[in-house]
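In what follows, a single structure is set out as structure tokens and then discussed.
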Amino acid sequence: MRFSTSVALTLAAGTLSNALPAPQADATTTSASTTVIEPSSLPTAPAEDHAAAAEQIDELAQFAQQQVNATLTDNARKRGACNIHNVAVRREWGSLSKPERKSYIDAVLCLQKKQTKTPASVLPGARSRFDDWVGTHINQTGTIHYTGTFLGWHRYFTWQYEQALRNECGYKGYQPYWNWAKTAESGLENSPLLDGSDTSMSGNGVFIPGGGEVNLGGNGLPDLFLPAGTGGGCIKSGPFKDMKVNLGPVQLGLTNGSTISNGDGLSYNPRCLKRDLTDYSNKKFANAHALVSLILEPKDINTFQMQMQGVPGSGDIGVHGGGHYSMGGDPGRDLFTSPGDPLFYLHHGGIDRTWWIWQQLDSKTRTGASGIAGTGTFMNQPPSADTTLDTTIDLGYAAGPPVKMRDLMSTTAGPMCYIYL
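Below is the structure:
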């Protein structure tokens, strides 16, 4: 299945421009420079200054856009191929106009009102289509984190979620992403993403005083304490303030250093959506410098995905953990149930964009067999077979059909057809 879209793209002289609806005056616009970036001119090390590092991110992203130019232009002559006329464009939340943001929010709320497709025998607590995705993530958590499928699985998961918004709820746009480098500078609650307005993804939870620290250690790993944020309670404003979380938690870290669970997380457990926005985690682990380091320093996929997720016991939770622990709360702080917060999908849009940029620095190697490393189980416990291009990804009742990893290595091949701005 490919996107059916009227988005028109012009790729000329190695640069990209789009013909999406013009954002409102208060939205941050993103446009590509007409200057062709040569590989030799790319940064070789991350700038220490965060503003300079943010400029490096823009340069690396523009280079990635240039790299897809030739393929998409050539494909325009091939029937049914992803090309400049049908490719979808994913954009950062702040670059969307207010009507575009509202359209996305309305589609998410629509999905939360639609009937679940997962049988009650498999997911007894599900009450909506939105819950189908949460249940699939709960059931597969041990085989999609610190595994060879981590990046490919979440790419397919987020894309199928986007398809549901479009095909089941009439959404005309594409999955936006969270640029953590921007919120690390502005502060989470000062960003259009999380300012609590009716065109945000809602904001912080009600402040709960007396919060301590969240401990990410245990299970043989040294303690790693993260401070509590500035919320902790139910979302207090914005489109999702009345949302009900139905599944989980499975392993929810609390600010007293303990964890709580509701068994396997699959039974019905209705409660409000809580957030504990934590600038500390954003600024420390998911800032511009960390993002450029992640894109430039790893030369192989194993190093890249481990640095992204954070090497267990190292004290660094990577940009992946940095984003999750920036939102905090319930279910955001629970590895298993985290898709129960709608912000999850913008976070993983950012994860996918980062992988996409990294891949384009050496696309031939990084979109093939050498672009996969790891096994089928969390840190290879218990020991399992290596992930390969022929490993199958199956999202169960949430979406389908099953695909091979080879179909997920490129965003402009296989079932998908999208790029990032």
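Just so we're aligned, residue 254 is where the sequence shown starts under the numbering used here, counting upward by one.
For each residue, glycine too, the CB sits at the ideal point set by N, CA and C.
Fill in: Beta-carbon contacts of residue 646 that lie in its chain and below 7 Å, excluding the five residues immediately before and after
Residue 646 sits at position 393 when you count from the first residue of the sequence shown. 402, 405, 406, 409, 655, 656, 658 and 661.
Worksheet item: What are the boundary residues of the alpha helix (DSSP H) that residue 610 is part of?
Response: The residue labelled residue 610 in the question sits at position 357 within the sequence shown. Residues 596-613.
Practice prompt. Can you give me the Cβ contacts of residue 334 inside the same chain, cut-off strictly under 8 Å, excluding the 5 residues immediately before and after it?
Written response: By one-based count along the sequence shown, residue 334 stands at place 81. Here the set comprises 328.
Item to complete: Select from 489, 336 and 399 the residue whose C-alpha is nearest the C-alpha of residue 528.
Response: Here residue 528 refers to the residue found at position 275 of the sequence shown. Closest by alpha carbon: 489.
Discussion item. By the DSSP assignment, the alpha helix (DSSP H) with residue 582 in it spans what residues?
Written reply: Counting from one through the sequence shown, the residue named residue 582 turns up at place 329. From DSSP, residue 582 is part of no alpha helix (DSSP H); its letter is neither H nor E.
Worksheet item: Are residue 597 and residue 395 close, meaning C-beta to C-beta below 8 Å?
Response: Taking the first residue of the sequence shown as position 1, residue 597 is located at position 344. Taking the first residue of the sequence shown as position 1, residue 395 is located at position 142. Contact: no.
Worksheet item: Hey, quick one: how far does the beta strand (DSSP E) through residue 420 stretch, first residue to last?
Response: For the purposes of this step, residue 420 is taken as residue 167 along the sequence shown, with counting starting at 1. First-last for residue 420: 403-422, but that is the alpha helix (DSSP H), not the beta strand (DSSP E).
Practice prompt. For residue 592, I'd like the list of residues in its chain whose CB is within less than 7 Å of its CB, leaving aside the five on either flank, ordered along the chain.
Written response: Position 339 of the sequence shown, counted from the first residue, corresponds to residue 592. Taken in chain order, the residues that qualify are 386, 387 and 390.
Worksheet item: Of all the options 426, 294 and 299, which has the alpha carbon lying nearest to the alpha carbon of residue 353?
Response: The residue given as residue 353 occupies position 100 in the sequence shown. Of 426, 294 and 299, the residue nearest in Cα terms is 426.
Worksheet item: Which runs of the beta strand (DSSP E) spanning at least 3 residues fall entirely within the region 301-344, listed in chain order?
Response: 341-343
Worksheet item: Can you give the Cα-Cα distance for residue 672 and residue 580, rounded to whole angstroms?
Response: Working through the sequence shown from its first residue, we reach residue 672 at position 419. Working through the sequence shown from its first residue, we reach residue 580 at position 327. C-alpha separation (whole angstroms): 26 Å.
Item to complete: In angstroms with no decimal places, state the Cα-to-Cα distance between residue 355 and residue 340.
Response: The sequence position of residue 355 within the sequence shown is 102, counting from 1. The sequence position of residue 340 within the sequence shown is 87, counting from 1. In a straight line, the C-alpha of residue 355 is about 23 Å away from that of residue 340.
Item to complete: Could you tell me whether the Cβ atoms of residue 470 and residue 477 are closer together than 8 Å?
Response: By one-based count along the sequence shown, residue 470 stands at place 217. By one-based count along the sequence shown, residue 477 stands at place 224. Taking 8 Å as the Cβ cut-off, residue 470 and residue 477 qualify as a contacting pair.
Item to complete: On a CA-only basis, which of 446, 663, 372 and 460 is nearest residue 651? Give me that one, please.
Response: Here residue 651 corresponds to residue number 398 of the sequence shown, with the count starting at 1. Per the Cα distances, 372.
Item to complete: Measure the C-alpha to C-alpha separation of residue 502 and residue 462 and round it to an integer number of angstroms.
Response: Within the sequence shown, residue 502 is the residue found at index 249, counting from 1. Within the sequence shown, residue 462 is the residue found at index 209, counting from 1. Taking the straight line joining both Cα atoms gives about 22 Å.
Discussion item. Below 7 Å, is the gap between the Cβ of residue 414 and the nearest heavy atom of the ligand MG?
Written reply: This structure lacks the ligand MG, and indeed carries no ligand of any kind.
Worksheet item: Using the rule of at least 16 other Cβ atoms within 10 Å of the residue's Cβ for burial, across every protein chain shown, is residue 669 buried or exposed?
Response: Within the sequence shown, residue 669 is the residue found at index 416, counting from 1. Answer is buried; the Cβ neighbour count reaches 16.
Discussion item. Please state the DSSP three-state secondary structure of residue 631.
Written reply: Counted from its first residue, the sequence shown places residue 631 at position 378. Residue state, collapsed to three classes: helix.
Worksheet item: Mapping DSSP to helix, strand and coil, what is residue 468?
Response: Taking the first residue of the sequence shown as position 1, residue 468 is located at position 215. Residue 468 falls in the strand class under three-state DSSP.
Worksheet item: Looking only at its own chain, which residues have a Cβ that is under 7 Å from the Cβ of residue 483, when we skip the five neighbours before and after it?
Response: Position 230 of the sequence shown, counted from the start, is the residue given in the question as residue 483. So the qualifying residues of the chain are 457, 460 and 530.
Worksheet entry | Reference residue 507; option with closest CA among 526, 465, 336 and 523 | The count along the sequence shown starts at 1 and reaches residue 507 at position 254. Here the closest residue by C-alpha is 465.
Item to complete: Could you say which of 494, 664 and 418 lies nearest to residue 452 if we only look at CA atoms?
Response: For the purposes of this step, residue 452 is taken as residue 199 along the sequence shown, with counting starting at 1. That would be 494, whose Cα lies nearest to the Cα of residue 452.
Worksheet entry | Distance between beta carbons of residue 594 and residue 584, contact taken as under 8 Å | As a working mapping, residue 584 is identified with position 331 in the sequence shown. As a working mapping, residue 594 is identified with position 341 in the sequence shown. Rounded, the Cβ-Cβ distance is 6 Å, consistent with contact.
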